[in-house]
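Visitor: Handing you this structure, nothing more for now.
There are 2 protein chains.
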Amino acid sequence: MGSLDSKLPESPLGEFQPLDPEEFRKQAHQTVDFIADYYKSIETYPVLSQVEPGYLRPRLPETAPYKPEPFETILKDVQKDIIPGMTHWLSPNFFAYFPATVSTAAFLGEMLCTCFNSVGFNWLASPAATELEMIVMDWMAKMLKLPKSFMFSGTGGGVMQGTTSEAILCTLIAARDRALESIGQENIGKIVVYGSDQTHSTYTKACKLAGILPCNIRSIPTTADTDFSLSPKLVRMAMEADVEAGLVPVYLCATVGTTSSTAVDPLKPLAHVATDYGVWLHVDAAYAGSACICPEFRQYLDGIERADSLSLSPHKWFLTYLDCCCLWVKNPSLLVKALSTNPEYLKNKPSESNSVVDYKDWQVGTGRRFRALRLWLVLRSYGVANLQTHIRSDIRKATMFEGFINDDPRFEIVVPRRFALVCFRLNPRTRFEKGSTELLNRKLLEWVNSTGRVYMTHTIVGGVYLLRFAVGATLTEDRHVIAAWKLIKEAADALLKES
Amino acid sequence: MGSLDSKLPESPLGEFQPLDPEEFRKQAHQTVDFIADYYKSIETYPVLSQVEPGYLRPRLPETAPYKPEPFETILKDVQKDIIPGMTHWLSPNFFAYFPATVSTAAFLGEMLCTCFNSVGFNWLASPAATELEMIVMDWMAKMLKLPKSFMFSGTGGGVMQGTTSEAILCTLIAARDRALESIGQENIGKIVVYGSDQTHSTYTKACKLAGILPCNIRSIPTTADTDFSLSPKLVRMAMEADVEAGLVPVYLCATVGTTSSTAVDPLKPLAHVATDYGVWLHVDAAYAGSACICPEFRQYLDGIERADSLSLSPHKWFLTYLDCCCLWVKNPSLLVKALSTNPEYLKNKPSESNSVVDYKDWQVGTGRRFRALRLWLVLRSYGVANLQTHIRSDIRKATMFEGFINDDPRFEIVVPRRFALVCFRLNPRTRFEKGSTELLNRKLLEWVNSTGRVYMTHTIVGGVYLLRFAVGATLTEDRHVIAAWKLIKEAADALLKES
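Structure (structure tokens):
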């Protein structure tokens, strides 16, 4: 890095043009081909990366280069150094977590978003970015048959956040500040919030970020009897006890499709409880919300008309690439009141006339990308019909896998399948104790994942260690599900023989 | 939307393949050409969009289409409906806010990031994404001559956040929780935080998000005498008074390059005060930090070795496109302690062995994109030499503009120029009162911006309304600065004649 000390008034390399349109064209075409080829050959890579921690540092220089390197060299290094360290989320053999789904249309939308690089903190800085987002959020709301109270064309509105964490944090702050206004800022320690033991871990984190005392974050236990859904009765009891103790219930997070096992909390009775206690009801439908564009799944949103906000992440099941989380709120003014800033350097006539939406006041940060383009391209390129087909096709494949499990007496379904996630385990009852069943399944998971041919993950619900087979990676076909099952059976054969 | 009610088991459109590599290749090539052509013709568009609020809704259908639409139609609509509503941040005539800079290399990096769509919440889910980010953060740290205590190769480490807001929020939470651990959770109302009246508006917002009482957010006044930099003496007095009042000073945000006028807070003496009071010192160098890769500007980071954290947004001046904010911390364990989650479904051997970094514990959300690719491609494609040239070239152009102002007696520089932002106003002293000078400049700004040929913004510092001419949009050449000045002079001629 010694060369940094030379105080050259101009680079020794001459004129520097970081964005020459013709060079851009050439290199971007090369990159398109690189990516298309990657997508074509993606099945040849181990789906779970097989590198060891720290693999990359010895392969790269210790400092950034002083002089430029050719693009071709860098692209070769992506192939040589980066790809081996990737866990290939787009592999058709990826069945871990929830899939992060993609599509050609969304890729093109992302290219356009990057192209404009508009920073849409307020309307004036990017009218199209703001207005397209408003329209797309209304389109999505209509596809989900949300009530008018969540739409701009009604009395509410929607905004695109990066992830569910931000959606929860923003609505929680709005609810918190509404409460503090009546009980006084100094009583933040009295605020209580509610979720279940199945609510995403980011919920507790968001509550802590917002200054809610850890002892006031209620995690209501769930059980197998209700498929691990949140009990309205227990929520009511908890709120009642808290009120009696002089505390103030403020926020309830219900989930449609929990992360562990896609449990669905019953919105209608939960909304009743929330209304009775004046609590903000947020519905986290990050994964399963997308399925609700199909009439046969819309029932899971019944009661949403009485909720205060709803979030859904199209980057999970709606083909948009990361990051894209739709948040609808019934009362945008509460959000804006809690999150608005008004520095002199951003003042402008449209904002002051209150004739526009300034999305910086609907989110944590100030800057924001033109995220709506991706979802707009997905909706237009595929149409609602194809998107319904896509959801149903994933569920059909998961149902097929569920059938394989049911047909093999050594295995069992642990939690009933509702969407495209199958929760199962190896359970040759006659021969194993509880502890050893868990160990057997841990071994099975490791055996399968270490082959690089399939990647699954696990969870524990109701004390039971289970394997999660999440169907839905965009490139997954029936044959991949069949091959995965074959591999899982092989693992079972090997492990049962061994023990 | 009536068609949504039909319960078709399969789409009437047949098989649906959202990511066919050959279709991807074809349409992505089309999009590359569309973007390259946009970049070539960008000067022909009005830089500030001339649409009225609500322009887009009547142009688009009220619902998402049921059937797919051809990509060509959508691309035509981007040209017809979206581009007129864009404020063109990449236009060479964009001198508003701070520029959001771009480059071919970063675009390609973003394409690759999208391509992989890895969700790097922990190491295992994407080893390459985690490790490349660690390496690139160390590279950047070395370019900025940060001490080893901010590097992974030393005792600290860095992480890429979306925006400064998140960087501030995360470090603030770490500082808050460290304090609460000693004074008790229930004493959150005693925590006091400090900044200046020039600190970015997002700082106050982040403090409110974190549950800091609004009455405990100190905004220390600045004056023209010190070019609107934060006075260590006043900070010390404020902390002293707060401690005497039984309050607990916890966090101080200093800025290197404020948004209004690029003021630089003196880090060294501020660090002394922070140390004396056991306060977390965060340095927000979102804009001007990038300049510190040039030895002649590195002085502005003097004292950084005594700070606790530093953030810098390469999407502002380092050619990376949005969103990319580098955050370095001296004590990652405090960040991780405050932000970690450990749900069963994410547990894995490498994480449990503590041999890896899980970046979900360094940020607000769980999911995260492979942001490091963009910055890596920028650093390698251009090299430190060209990046220094780039910074110096922008400053040279700003200096040229400053010269124009100084040579015209009707204008004046209001705050000394330090980087590539010129703060000036029209001030024909003999003929105008204070109030009317402001009015005149407001008119000048409106006159200039309404032409669509230049976009500038304003601010107020020390009670003075001034115009901000921020040089640095990637495509800006000398001729654009010269043309902008000509236009500003024309505006002045017209307005002075009129009055």
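Residue numbers (the working numbering), protein chains in the order written: chain A, 75 to 573; chain B, 75 to 573.
Glycine included, every Cβ here is placed at the ideal spot set by N, Cα and C.
Output the distance between the C-alpha atoms of P417(B) and H532(A), rounded to the nearest integer angstrom.
Guide: 11 Å
Visitor: Pairs of beta-carbons, one from the stretch 109-121 of chain B and one from the stretch 94-109 of chain A, closer than 8 Å: are there three or more?
Guide: yes
Visitor: Do you know whose CA, among Q104(A), Q272(A), C400(A) and A199(A), lies nearest W450(A)'s CA?
Guide: C400(A)
Visitor: Can you look up M160(A) in the DSSP assignment and give me helix, strand or coil?
Guide: coil
Visitor: CB-CB under 8 Å to R484(A), same chain, minus the five flanking residues each way: which ones, in chain order?
Guide: For R484(A), where only same-chain residues beyond five positions count, the Cβ hits under 8 Å are L500, N501, P502, A566 and L570.
Visitor: Taking only beta-carbon positions, decide if G76(B) is within less than 8 Å of chain A.
Guide: With a pLDDT of 37 at G76(B), under the threshold of 50, the predicted position of this residue should be treated as unreliable, and no value is reported.
Visitor: Report all residues from its chain with a CB closer than 7 Å to the CB of V324(B); omit the five preceding and five following residues, and keep chain order.
Guide: A249, R250, A253, I265, V266, V267, V353 and W354
Visitor: Find the nearest neighbour of P221(B) within the set A544(B), D432(B) and E379(B), judged by alpha-carbon distance.
Guide: E379(B)
Visitor: Can you tell me the Cα-Cα spacing of G228(A) and G320(A), whole angstroms?
Guide: 37 Å
Visitor: 8 Å is my cut-off, CB to CB: does S165(B) come that close to chain E?
Guide: This model lacks chain E altogether; the protein chains it does include are A and B.
Visitor: Give me the residue from D397(A), F371(A) and V438(A) with the minimum Cα distance to F444(A).
Guide: D397(A)
Visitor: Span of the alpha helix (DSSP H) holding F145(B)?
Guide: F145(B) -> alpha helix (DSSP H) spans F145 to D151.
Visitor: Helix, strand or coil for F543(B), going by three-state DSSP, please let me know.
Guide: strand
Visitor: Measuring CA to CA, which of L326(B), V330(B), Y361(B) and V338(B) is closest to A345(B)?
Guide: L326(B)
Visitor: Any beta-carbon of chain A closer than 8 Å to the one on Q101(B)?
Guide: yes
Visitor: Does the ligand FAD have a heavy atom nearer than 7 Å to the CB of A110(B)?
Guide: The ligand content of the structure shown is nil, which means the ligand FAD is not present either.
Visitor: Compute the beta-carbon to beta-carbon distance between A544(B) and A170(B), rounded to the nearest angstrom, for a pair I have assumed lies under 8 Å.
Guide: 7 Å
Visitor: For the stretch 459-537 of chain B, list the beta strand (DSSP E) runs that are entirely contained and at least 3 residues long, ordered along the chain.
Guide: 485-489, 495-500 and 531-535
Visitor: For N191(A) and V125(B), which I take to be in contact (beta-carbon distance under 8 Å), what is that distance rounded to the nearest angstrom?
Guide: Not quite, the Cβ-Cβ distance comes to about 19 Å (not below 8 Å), so this is no contact.
Visitor: Please return the same chain residues whose Cβ sits closer than 8 Å to the Cβ of K390(B), not counting the five positions on each side in sequence.
Guide: Excluding residues within five positions, the ones whose Cβ falls inside 8 Å are F172, P173, A174, T175, A360, Y361 and S364.
Visitor: Answer with yes or no whether the minimum CB distance from F145(A) to chain B is below 8 Å.
Guide: yes
Visitor: I'd like to check one pair, T204(B) with V522(B): are the Cβ atoms closer than 8 Å?
Guide: No, Cβ-Cβ distance for V522(B) and T204(B) is not below 8 Å.
Visitor: Please decide whether Q153(A) counts as near chain B, where near means a Cβ-Cβ distance under 8 Å.
Guide: no
Visitor: Within its chain, find whatever has a CB closer than 7 Å to the CB of P340(B); leave out the 5 residues flanking it on each side and keep chain order.
Guide: S303 and P306
Visitor: On the premise that D316(B) lies in contact with T296(B), defined as a C-beta separation below 8 Å, what is that separation, rounded to the nearest angstrom?
Guide: Incorrect: roughly 19 Å between the Cβ atoms, too far for contact.
Visitor: What residues in the stretch 551-565 of chain A bring their beta carbon closer than 8 Å to a beta carbon of chain B?
Guide: none
Visitor: When you compare only the Cα positions, how much space is there between I479(A) and A494(A)?
Guide: About 14 Å.
Visitor: Is the separation between the beta-carbon of P142(A) and that of S467(B) shorter than 8 Å?
Guide: no
Visitor: Taking the alpha-carbon positions, what's the T273(B) to T333(B) distance?
Guide: Per the coordinates, the alpha-carbon of T273(B) lies some 8 Å from the alpha-carbon of T333(B).
Visitor: Just checking my contact of T394(B) with V452(B) at CB under 8 Å: how many whole Å lie between their CB atoms?
Guide: 6 Å
Visitor: Classify P288(A): buried if its beta carbon has 16 or more other beta carbons within 10 angstroms, exposed otherwise.
Guide: exposed
Visitor: Judging by CA-CA distance, which residue of M185(A), R448(A) and S414(A) is the nearest neighbour of F392(A)?
Guide: R448(A)
Visitor: Which one or two residues does DSSP pair with H356(A) in a beta bridge?
Guide: In the DSSP output, where bridge partners are listed per residue, H356(A) has C327(A) and S383(A).
Visitor: DSSP three-state call for Y277(A): helix, strand or coil?
Guide: helix
Visitor: What does the Cβ neighbour count give for I311(A), buried or exposed, with the cut at 16 atoms within 10 Å?
Guide: In the sequence as displayed, the identity of residue 311(A) is Met instead of Ile. Counting Cβ neighbours within 10 Å, M311(A) comes out exposed, since fewer than 16 surround it.
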